[in-house]
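Same order as they appear, the protein sequences are chains E and C.
Just so you know, the first sequence maps onto residues 14 to 393 in the numbering used here.
Just so you know, the second sequence maps onto residues 79 to 348 in the numbering used here.
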Amino acid sequence: MSEPKKNIKMIQGNTACAEAAIAAGCTFFAGYPITPSTEIAEVLSYRLPMVGGNFIQMEDEIASMGAIIGASLGGAKAMTATSGPGFSLKQENLGFAAMAEIPCVVVNVQRGGPSTGLPTHVAQADVMQARWGTHGDHPIIALCPTSVSDTYRLTLRAFNLSEKYRTPVILLTDELIGHLTEKIELPEPGSIEIINRQKPTVSPEKYLPYESTASLVPPMANFGEGYRYHVTGLVHDETGFPTNDSDKAALMLARLNDKIEKNRDDIVEVEEIHIDYEMETLIIAYGSSARSANRAMITAREEGHKVGLLVLKTIWPFPEKEIQQAMRNAKKIIVPELNLGQIAHEVEWATNRRIPIIKLNRINGESIKPSEIHKVITQG
Amino acid sequence: MDYLQYLRKDKMPHIWCDGCGHGIILKSILRTIDTLGWEKDNIALISGIGCSGRTPGYVDFNTLHTTHGRAIAFATGLKLANPKLHVIVVTGDGDATAIGGNHFIHAARRNLDINVIVFNNRIYGMTGGQCSPTTPTLKKSTTTPYGNPDSAFDISRLAEAAGASYVARTTTFHVAKMDQYIKACFLKKGFSVVEAYSNCPTSYGKMNKETGRRGVDMLLYQKDNMVPIEKAKDMSDEELQGKLVTGVFVDRNIPDYTENYSIVKQNSKK
Ligand SMILES: Cc1ncc(C[n+]2csc(CCOP(=O)(O)OP(=O)(O)O)c2C)c(N)n1
Ligand code: SF4
């Protein structure tokens, strides 16, 4: 038997995201054009009708976020994509999705901010907004790809996690990764792991859409399947109806947050490169900055420096445990990122500042060069 | 008919004040559903936020209480994901035409096949009586204590101009007409709107003497000031001052969004 032909393509990160969405079973996309995320919408406007799905260009990002929540309740796997100002507009409805436990994927291809900022340039300054952008204590998952093939893989993972945990998942990519063209080997359709939301097995009379189950994730019925229930952004009890009872509110909000926190080991993904007990310098990086960090590490190691790299693929929930383990005997940590230290602060907290943390930051729309990180490894 | 079969009895009493018109509109919606024989499982009732926005909580359908102004956006996704559902949006005047105005006109432009019932009490009821985009000029609200300097939207004409298939307006006094319009609205393919002037004695009535302060006074005010659209055509602007023009504004058969998108789907496979 001959080897099956590999499906190798040269594509952009944004195209990989769109293709992965189709592969994940996404049948609904609503969006509003904004650089540098627009290609995701363009590719899906072409691809979704082919597979019988729906693409709709909405009147704004608020509407786009609302539409994907509605579509998900109707049973579709749904996604939206945006950048900077558009991500700000999505926040209220993003909180609704978290509160009402509606699976959906929100892509933010980060560009320079604040405000209209640097529309065509790279940044990683929405990291905290991804965590806390919508009001109130809420759970969230955010994933950061470092390459085109990683974008494909993590888009699939975003859909799977959203379905598994009944939660919005943010794919927090950036302009550099979104517009980077690289080689990617597309997986065979049958070889992809697809997770679908768990459906209720009880009768409609017994169904509690927000039940405190052992898994912390109650099964979800889609609208129109015979389970008539109520969905609201108000604090609700297990039946889904609003309540002002503080005990019930506490129970519901605890489960909502625990659902992600207690499953963090399943959700958190990091990549360890050359992390061992000899390591003196640990670099912690994510997204496009991890590429520069990797290059700098390779050069420094060739010169004999004992340096390792921890790449955060899941950024929320925060991988503090993985960081504590990766530190080992390191004498310093370097955190390169395209913001003023948003993740470095989290690293300081996770490590209790036991060793020096060197921040390497840039917010002018340029990426951090490997040589700059190299300099900090060798001298700083 | 038995209204209780459509209500979530355990969610009663409702939050609406004595003399509120919103319940009159809800009953008309339920009567129409009963007349049409729609299955409860196939109905999705969606709202934004407001007194009108509390409607979904009381009815035994698939119900969705979204964010303020955004019901139509959520409804768009739901309808496209499951076209078999009868999607009904209930919304207030503020919800539909202030914060949600953009979604309202764009869904009309797309001619999305959903039904929108606007509970127009010309004030923000839920938040205690601030002015809305339909509060008439120089009328009072808690944020226009000296009179409202703005002009009011004509919601039905707005929907008509934006491209809706069906638009009609009535009042909570004119219940037979309301039933007739809601039925036509529900049966129409495409974006269909019934705007119902509703009485809010608690806020509008309290602050604006001309309508009277009680619900019943406000209903009679609607009766006395209603002008059918056919008659309004021959009246001057001065004569129409303060009048409630009602009737069918538009009823046309044009392709809806799904019909056009099915062509898109065919084209993609060529
Ligand atoms: C984003 C946002 N802004 C403001 C509010 C507060 N709010 C709740 S209901 C409402 C107005 C409701 O008025 P209307 O839509 O006319 O409905 P009614 O209560 O009169 O039925 C406002 C301003 C909110 N819930 N969300
Ligand atoms: S405040 Fe007005 S609109 Fe709200 S329930 Fe009371 S009467 Fe009805």
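Just so it is clear, CB atoms sit at the ideal spot from N, CA and C, and this is done for glycine as well.
No experiment lies behind these values; they were computed from the predicted model shown.
- For chain C, the residues of the region 243–258 of chain E that bring a beta carbon within less than 8 Å of one of its beta carbons are H243, V244, T245, G246, L247, F254, P255, in chain order.
- Secondary structure of I390/E (DSSP, three-state): helix.
- The closest heavy atom of ligand 1 lies 7 Å or more from the beta carbon of I82/E.
- Membership of R235/C in the alpha helix (DSSP H) is indicated by the continuous run 233–240.
- Within the region 118–149 of chain C, the residues whose Cβ lies closer than 7 Å to some Cβ of chain E are K118, D119, N120, A122, P134, G135, D138, F139, N140, T141, L142, H143, T144, T145, R148, listed in chain order.
- Between the C-alpha atoms of D260/E and G79/E there is a straight-line separation of about 30 Å.
- With a threshold of 16 other beta carbon atoms within 10 Å, N365/E falls short and is exposed.
- Put simply, the CB of Y339/C is near chain E, with a gap under 8 Å to one of its CB atoms.
- With the rule of 3 Cβ pairs closer than 8 Å, the region 126–143 of chain E does not count as touching the region 61–80 of chain E.
- Interface criterion met: the Cβ of M63/E is under 8 Å from a Cβ in chain C.
- DSSP places S340/C in the uninterrupted alpha helix (DSSP H) bounded by 335–346.
- In the three-state reduction of the DSSP assignment, Y223/E falls in the coil class.
- For L184/E, the secondary structure class from DSSP, reduced to helix, strand or coil, is strand.
- Here K345/E has E293, T294, L295, I368, P369, I370, I371, G393 as same chain residues with Cβ atoms under 8 Å from its own Cβ, once five neighbours each way along the sequence are excluded.
- Per DSSP, D302/C lies in no beta strand (DSSP E) segment; the continuous alpha helix (DSSP H) that holds it begins and ends at 293–303.
- Looking at A113/E, F100/E, S216/E, Y165/E, the one whose alpha-carbon comes closest to that of W145/E is F100/E.
- For G126/C, the shortest separation between its Cβ and any heavy atom of ligand 2 does not lie below 7 Å.
- Annotation for V245/C: S234, A237, E238, V271, F327, V328 place their beta carbon closer than 7 Å to its own, counting only its chain and skipping 5 residues before and after.
- S346/C and G241/C have their C-alpha atoms some 26 Å from each other.
- Shown here for A339/E: same chain residues with a beta carbon closer than 7 Å to its own, the five before and five after excluded, namely E285, I288, L295, L323 in chain order.
- Put simply, the CB of A36/E is far from chain C, with every gap to its CB atoms at 8 Å or more.
- Closest in C-alpha terms to I127/C, from the list F152/C, G97/C, T110/C, comes F152/C.
- One Cα belongs to V323/C, the other to Y275/C, and the distance between them is close to 10 Å.
- Residues of the region 71–102 of chain E with a C-beta less than 9 Å from any C-beta of chain C: M71, E72, D73, I75, A76, S77, M78, G79, A80, I81, I82, G83, A84, S85, L86, G87, G88, A89, A91, listed in chain order.
- With the rule of 3 Cβ pairs closer than 8 Å, the region 58–66 of chain E does not count as touching the region 194–204 of chain E.
- With contacts defined by Cβ atoms closer than 8 Å, S96/E and V122/E form a contacting pair.
- When DSSP reads this structure, P255/E sits in a beta bridge with H249/E.
- The C-beta of R179/E comes no closer than 8 Å to any C-beta of chain C.
- Between the alpha carbons of R341/E and A34/E lies a distance of about 38 Å.
- P132/E carries a strand assignment under DSSP once its states are collapsed to helix, strand and coil.
- Under a criterion of Cβ atoms nearer than 7 Å, the residues of chain E adjacent to H181/C are, in order, E72, A76.
- Partner residues in the beta bridge of M23/E, as assigned by DSSP, are K196/E.
- Going by DSSP, C117/E is part of the beta strand (DSSP E) stretching over 117–125.
- Secondary structure remark: continuous beta strand (DSSP E) runs of at least 3 residues inside the region 86–131 of chain C, in chain order: 121–125.
- Not one heavy atom of ligand 2 is found less than 7 Å from the C-beta of C157/E.
- Residues of the region 26–52 of chain E with a Cβ closer than 9 Å to any Cβ of chain C, in chain order: T40, F41, A43.
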